[in-house]
Amino acid sequence: MRTPIIHSDDPDLEYNMWGENYLKYRGSLFTGTLLYNDTTPPSYVEYQNGDYHGNSVTYSRNGTLIEQSTYENGNYASGTEWYDNGQLKSDAGHLYANDGKLIQKKGSWLYPNGMKRNNYEHDESNLFSSKGELAIKTILTRTANYK
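Numbering (our numbering), first residue to last: 15 to 161.
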């Protein structure tokens, strides 16, 4: 954990969740670790210059690890999530049902038989039947100039 370490209930914290997102401590953009005391072990988020930067670790109230993420300059870089029962929920572009079955892979939803339901690439969207056959294809054509 990055120092200093402060607690989320510290009265000297100032959050801005609208527009420009930042965390200030005693009037300055915060660099350090923010601890949340509502879980054991405590959940925490690392900050640099008032924005997420580094590790974010979240535990459930019963102490089970439910999310571990990494941020770079306020942007989500990577992470893994688990259900309260310990089953993997998501990682590296994959989403799982609470029974462990893969339901989304790299942004494409899957049918229960594992076949891809959809995919999106550039200006094209495709929907597939449960047998894997192309059902609908949509192509976006841009004809106007955007400024």
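Just so you know, even glycine gets a beta-carbon here, dropped at the ideal spot from N, CA and C.
Of the residues F44, P18, I19, the one placed nearest N30, counting alpha carbons only: On the sequence shown, residue 30 is found 16 positions in, with the first residue counted as 1. Checked all of F44, P18, I19; the closest Cα to N30 is F44.
Selected residue, minimal CA-CA separation from D52, among S74, H67, G46: The residue labelled residue 52 in the question sits at position 38 within the sequence shown. Among S74, H67, G46, the Cα nearest to that of D52 belongs to S74.
Alpha-carbon to alpha-carbon, N133 and N8: Nothing can be reported for residue 8: it is not among the residues displayed for the chain, which extend from 15 to 161.
Own chain partners of E95 with C-beta closer than 7 angstroms, once the 5 adjacent residues on each side are dropped: The sequence position of residue 95 within the sequence shown is 81, counting from 1. Counting only Cβ-Cβ distances below 7 angstroms, and skipping sequence neighbours, we find I80, E81, K103, S104.
Beta carbon of Y50 nearer than 7 angstroms to that of S83: Within the sequence shown, numbered from 1, the residue matching residue 50 stands at position 36. Within the sequence shown, numbered from 1, the residue matching residue 83 stands at position 69. Taking 7 angstroms as the Cβ cut-off, Y50 and S83 do not qualify as a contacting pair.
Nearest-angstrom Cα separation, counted from Y85 out to R16: Mapped onto the sequence shown, residue 16 falls at position 2. Mapped onto the sequence shown, residue 85 falls at position 71. Spanning the two alpha carbons is a distance of roughly 13 angstroms.
Beta-carbon spacing of E60, T47 below 7 angstroms: Translated into the one-based positions of the sequence shown, residue 60 becomes position 46. Translated into the one-based positions of the sequence shown, residue 47 becomes position 33. Yes, Cβ-Cβ distance for E60 and T47 is below 7 angstroms.
Straight-line gap, G146 to R131 (C-alpha atoms, nearest Å): As a working mapping, residue 146 is identified with position 132 in the sequence shown. As a working mapping, residue 131 is identified with position 117 in the sequence shown. Cα-Cα distance, rounded: 8 angstroms.
H136, buried or exposed, once every other Cβ within 10 Å from all chains shown has been counted against 16: As a first step, residue 136 is located in the sequence shown; it is residue number 122 there, counting from the start. Classification for H136: exposed.
For A111, the three-state DSSP class (helix, strand or coil): Indexing the sequence shown from 1 puts residue 111 at position 97. A111: coil per DSSP, three-state reduction.
D26 - DSSP class collapsed to helix/strand/coil: Stepping through the sequence shown from its first residue, residue 26 is reached at position 12. Three-state result, D26: coil.
Beta-carbon proximity check, Y66 vs G41, cutoff 7 angstroms: On the sequence shown, residue 66 is found 52 positions in, with the first residue counted as 1. On the sequence shown, residue 41 is found 27 positions in, with the first residue counted as 1. No, the pair does not count as a contact, with Cβ atoms beyond the cut-off.
Backbone secondary structure at Q101 - three-state DSSP: Your numbering for residue 101 matches position 87 in the sequence shown. The answer is coil: DSSP assigns Q101 none of H, G, I, E or B.
Closest residue to Y125 among Y110, K119, S144 (Cα-Cα distance): Walking along the sequence shown from the start, residue 125 turns up at place 111. Comparing Cα-Cα distances from Y125 to each of Y110, K119, S144, the minimum goes to S144.
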